[in-house]
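Per my numbering, residue 7 is the first one in the sequence shown, and the count goes up by one each step. Glycine included, every Cβ here is placed at the ideal spot set by N, Cα and C. Owing to the predicted nature of the structure, the values given are computational and were not obtained by experimental measurement.
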Amino acid sequence: MRRFGDLVLPIFQRHKAQSVLDYGCGGSDWEAPGFHDDQSALAYFGLEKVYRFEPARKIDERRNVVVVTCFDVLEHVFLTDVPATLMDIFSYAKKAVILNIACYKARATLPCGENAHITVRHPLWWKGCVDTIATLCPNVEVNLFCSPEYTKVEGFPPLTAEGLIHTPGFER
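What follows is the structure, encoded as structure tokens:
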């Protein structure tokens, strides 16, 4: 999350987020100092509370919040489970989701020898998946960032499904 602080801060501010759900939080600690200078991520983003969901650690604080974040998670989800996982993410967002998806092979492998990033796809593939689910939540803003490599991030313009159907060139 630290690499994306400058990208994420305006989204939290735009939606006046006080609380966030970190979907697939891993071992992240939003209260630890040093996220930005001496500030914690909680303080840097001006948040009151971060709820966490990490099934591998038996952490489940899922609830409806203004913004749901999901960083470096979806590439670990099996292909056929991606739509249901995205729907679950969207179901907790009142105003916005922020997704970052790695689109490259991981250095790590699973015990079976398979790459830890089991669903490596092109950013446009992910965009299509996310937009499809977003149509079911027309007022939730999508903020999609894809990383074709570890040191590179590509962001798509934020949009809602409701906004998408009002863009020039869209016809029903």
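Sequence-distant Cβ neighbours of Q45 in its own chain, meaning closer than 8 angstroms and more than five residues away, are P39. Contact between V71 and L27 holds, with the beta-carbon distance rounding to 5 angstroms and staying under 8 angstroms. By the criterion of a C-beta distance shorter than 8 angstroms, E160 is surrounded in its chain by P129, F151, C152, S153, P154, once the five residues flanking it on both sides are discounted. Per the C-alpha coordinates, the member of N106, V83, T75 positioned closest to F96 is T75.
Residues F59 of the same chain have their beta carbon placed closer than 7 angstroms to that of D66, with the five preceding and five following residues left out of the count.
If you draw a straight line from the Cα of P61 to the Cα of N106, it is about 19 angstroms long. One thing to note: S25 has its Cβ within 8 angstroms of the Cβ of L53. Taking C-beta separations shorter than 7 angstroms and ignoring five residues to either side along the sequence, the partners of G30 in its chain run F59, E60, C76, V79, following chain order. By the criterion of at least three beta-carbon pairs nearer than 8 angstroms, the stretch 114 to 125 is not in contact with the stretch 165 to 175. Looking from the CA of R63, the closest CA among P89, L13, R127, G33 belongs to G33. Looking at the DSSP output, I65 sits in a beta bridge with E60. Counted as a single uninterrupted DSSP element, the stretch harbouring L53 is not any alpha helix (DSSP H), since DSSP gives it neither H nor E. Contact between L92 and V126 is ruled out by a C-beta separation of about 17 angstroms, above the 8 angstroms threshold. Only residues of its own chain outside the window of five on either side were considered, and among them V73, V74, T75, C76, I95, F96, V146, E147, V148, N149 have a CB closer than 8 angstroms to the CB of V103, listed in chain order.
The bridge partners DSSP lists for G161 are F151. Annotation for C31: no beta strand (DSSP E) segment contains it, and DSSP assigns it neither H nor E.
Remark: C-beta atoms of Y50 and Y110 do not approach each other more closely than 8 angstroms.
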